[in-house]
Amino acid sequence: MANLARVLTDTVARVPERTALKLDETVVTYAALEAMSAKVAGVLAARGVAPGDRVGLVMPNIPQMPFIYYGALRYGAVVVPMNPLLKAREIAYHLQDSGARIVFAWEGVAAEVTAGAEEAGNVDVVSVDSVEFLQLLAAADSRLEVADVDDEDIAVILYTSGTTGRPKGAALTHWNLLSNAQVSRSLLDTLETDVIFGGLPFFHVFGQTAALNSAVLAGASISLLPRFDAGKALQIIERDGVTIFEGVPTMYVAMLRHPDVKTTDLSSLRGAITGGSAMPLEILHEFEDVFGTYLLEGYGLSETSPIVSFNLPGGERKAGSIGRPVDGMEVRILDPEGRDVPTGEIGELSIRGEGVMKGYWHNDDATAAAIPDGWFRSGDLARLDEEGNIYIVDRKKDMILRGGYNVYPREVEEVLYGHPAVAEAAVIGVPDDLHGEEIVAVVGLREESRPADDSARDQLVAEIAQFAKDRLAAYKYPRRIQLTDALPKGPTGKILKREITVEPVEAPLVGEAPGA
1 MANLARVLTD TVARVPERTA LKLDETVVTY AALEAMSAKV AGVLAARGVA PGDRVGLVMP
61 NIPQMPFIYY GALRYGAVVV PMNPLLKARE IAYHLQDSGA RIVFAWEGVA AEVTAGAEEA
121 GNVDVVSVDS VEFLQLLAAA DSRLEVADVD DEDIAVILYT SGTTGRPKGA ALTHWNLLSN
181 AQVSRSLLDT LETDVIFGGL PFFHVFGQTA ALNSAVLAGA SISLLPRFDA GKALQIIERD
241 GVTIFEGVPT MYVAMLRHPD VKTTDLSSLR GAITGGSAMP LEILHEFEDV FGTYLLEGYG
301 LSETSPIVSF NLPGGERKAG SIGRPVDGME VRILDPEGRD VPTGEIGELS IRGEGVMKGY
361 WHNDDATAAA IPDGWFRSGD LARLDEEGNI YIVDRKKDMI LRGGYNVYPR EVEEVLYGHP
421 AVAEAAVIGV PDDLHGEEIV AVVGLREESR PADDSARDQL VAEIAQFAKD RLAAYKYPRR
481 IQLTDALPKG PTGKILKREI TVEPVEAPLV GEAPGA
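Now the structure itself:
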C-alpha cells in the first residue's frame, strides 16, 4: 500500500455502505466518498494537472475536503492544505513556494484565495460550493485507478512557520502519513463501529492523521464540525453517538464550561485524545470525571506526521508527561553538540522514525539544520525519566502556541513593521487560561507618531490592531497592543525580549475574531 489513497479504496472493498462522513443531515458512505474522489481525479486531469503537481486545498471540515484530498492523492498529485483563515498575501506565498498548479477553495474564502492566486500567478482556482462544485464533479470523468507511487514519494506539504518568518513546507511522504495513521488507529483500537468527532481541522496534521486518515483506515465514521463550538460539539456527541473525541485543550475547557454539559448524554464516549499544547492536569481529571472516559495526552509536530509520543490507555500516567515514543519512533535528548544528556537532565528533544518528514520543500539548508545527523531537532527542551517518559520543559524557539496553532513572532512583527507609525516591534506570548498563550505586540513608535493624549493613544492602538488583523490569519494577529517609545536593546542593537515587561490588563484590547 504505497499510495495513501489506498486506505480509502481498501476500506471501500470491505464496507462500501458504511457511513464515512456525516455533517448534520448530510451522510456520505465510503462508496460515495470513493466515487467523488475518482471524479476529483477526473477534474484534475481535465484541467491539465499532472501527477506530481501540487494541489492547494483551502477549506474547513466539510465533506468536499476529503473528496479532494483523496482524489488528488489517488491521481498521484501532492496535496497542499491551507488554513481557511489565511489572508491573500499568506495564500500567495504558499502557492508560490509549493508551485501549486491549482487550488480548491471553499466558497466562504474563495475571494481571498482568488486574490492570493492572482498574486502568485498562473494558479487555477476552483470554488467549492454546495451546488456548482457537485455539478462539476458530475460532469467529470471518473478516474478509478490509483497512481503507483513509492513510499518515499511526497503526499502532502504542510507549511509551518519558522523563526525567519517565512513558512517552510514540511514534505510528508505517503509512508510518513500511512504509518502514523496506523499508529493512531492502534492507540485507540479504532473499529469500523466507532464514530470519531471531526472537529480537529483536516488542514492541520493532527486532524488529518488522527481523525481523517486513521478513521478511513479503520472504516470508522467521522462526524464533522467545520468550526468548533462547544455547544454544537456536545450536541454531536449525543446525536451521533460519538465514541472517540479528539481535540486540543481549549476544546475540552470550552465543553466543560458550557452549561449543556450537565444535561448532555455522553455515555457513547469510550475514549478521548489531546495534543497541540499542554493539557493542565486539573482539566484532564475534570474531563474524565464529567465525561466518564479516559483522556490521553500526546506530542507531535507537523514535521513528524505528527505523533511522536502518547500516554497509553490503561497505562500509568505521570503528571506533566507526554508519554513514551509510539511504535516506529525514537527519541533522544541532546545537548547543543548533539550528545546525549544524562537521564533526567534537560536537552533538545530529537526524533527519528517512520513519521519524520522527508525534508522541507525546496529548502535544503533548513532541512540540513533541522536534521543534521538523521535526528530531527524539535526545538523543544525536554527531559526523560528512568522509565522513558518524556517531559517538555520549555520551548527553544520563540514560537507562541495559541489554541493549538503555532504562531511565530517574526512573521507578525514583519507585518507590524509595515504600519507607518511603527518604528520597531516585538511579539511575545503570555500565559492565557483559554488559549494556552496569548499574543502581545509591544510596539515602539516613530517619534512623529507618538500620541498626544489617551484618546489618541487608544485610537492608534485600534488602528495598529486592525492593520495586523487585516493582514494575518485570525489566530495570528496580536490581541494586545502595548505602545512604548523604545524597546530594550543589547549592545548590538538586538531587541531584548527577555527585558520587555508586559503591562497587566483585565481583558485583551483587541476583540476576538470569528474562528479565532
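Residue numbers (full-length UniProt numbering): 1 to 516.
Just so it is clear, CB atoms sit at the ideal spot from N, CA and C, and this is done for glycine as well.
Would you say residue i reaches chain C, if we count a Cβ-Cβ gap shorter than 8 angstroms as a contact?
i	result
T263	Absent here is chain C; the protein component of the structure consists of one chain.
Who pairs with residue i in a beta bridge, going by DSSP?
i	result
S309	Y299 and P325
W106	V128
K22	V27 and S223
A425	V443
V216	Paired residue(s): none; V216 is not in a bridge.
V78	R54
L384	I390
A272	F245 and L295
P431	E437
N406	L401
Under DSSP, the beta strand (DSSP E) around residue i begins and ends at which residues?
i	result
K168	K168 to T173
S350	G347 to G353
T343	Here T343 belongs to no beta strand (DSSP E), and DSSP marks it neither H nor E.
T160	I154 to T160
Q482	R480 to T484
L401	I400 to R402
Which stretch, first to last residue, makes up the alpha helix (DSSP H) that contains residue i?
i	result
R227	It is not in any alpha helix (DSSP H) - R227 carries neither H nor E in the DSSP assignment.
F467	D454 to R471
G71	Q64 to Y75
S449	Neither: S449 is in no alpha helix (DSSP H) and is coded neither H nor E.
E413	P409 to L416
L281	L281 to F291
Out of curiosity, what's the CA-to-CA distance linking residue i and residue j?
i	j	result
I439	T190	37 angstroms
S455	E463	12 angstroms
M251	F291	13 angstroms
R14	G344	48 angstroms
E286	D141	52 angstroms
L57	V80	6 angstroms
N3	A138	25 angstroms
L269	E112	38 angstroms
V149	T209	19 angstroms
K358	D265	44 angstroms
L401	L349	17 angstroms
G515	R324	With a pLDDT of only 36 at G515, under 50, the local geometry of the prediction cannot be trusted, and the value read off the model is given with reservation. Distance between the alpha carbons of G515 and R324 is about 33 angstroms.
F467	F203	26 angstroms
P372	T274	30 angstroms
D432	G404	12 angstroms
G418	K489	21 angstroms
Y294	T484	47 angstroms
K469	E107	21 angstroms
V326	G48	41 angstroms
P16	L33	9 angstroms
I307	T367	20 angstroms
D10	D129	29 angstroms
L381	R410	21 angstroms
P259	I236	15 angstroms
G199	P60	9 angstroms
State the DSSP-derived secondary structure class of residue i, mapped to helix, strand or coil.
i	result
D141	coil
G198	strand
F376	strand
D260	helix
N180	helix
R101	coil
G52	coil
G511	Low confidence applies here, because G511 scores a pLDDT of 42, under 50, leaving its location unreliable and the question unanswered by this model.
K489	strand
F245	strand
V253	helix
I371	coil
Y360	strand
L334	strand
G436	strand
residue 573	With the chain covering only 1 through 516, there is no way to say anything about residue 573.
E506	Any reading at E506 must be qualified, since the residue scores a pLDDT of 47, below 50, and its modelled position is unreliable; the value itself is stated next. Residue state, collapsed to three classes: coil.
Given a threshold of 16 other Cβ atoms within 10 Å of its Cβ, counted over all protein chains shown, does residue i qualify as buried or as exposed?
i	result
N122	exposed
P478	buried
E132	exposed
K476	buried
residue 570	This structure leaves residue 570 out entirely; the chain is present only between 1 and 516.
R54	buried
A507	Interpretation of A507 is limited by its pLDDT of 40, a score under 50 that renders its predicted location unreliable; the figure taken from the coordinates is listed afterwards. The residue is exposed, with fewer than 16 neighbouring Cβ atoms inside 10 Å.
S309	buried
P504	exposed
E303	buried
Should residue i be listed as close to the ligand GTP, given that the test is whether its C-beta is under 7 angstroms from any heavy atom?
i	result
D151	The model on display carries no ligand, and the ligand GTP is accordingly not part of it.
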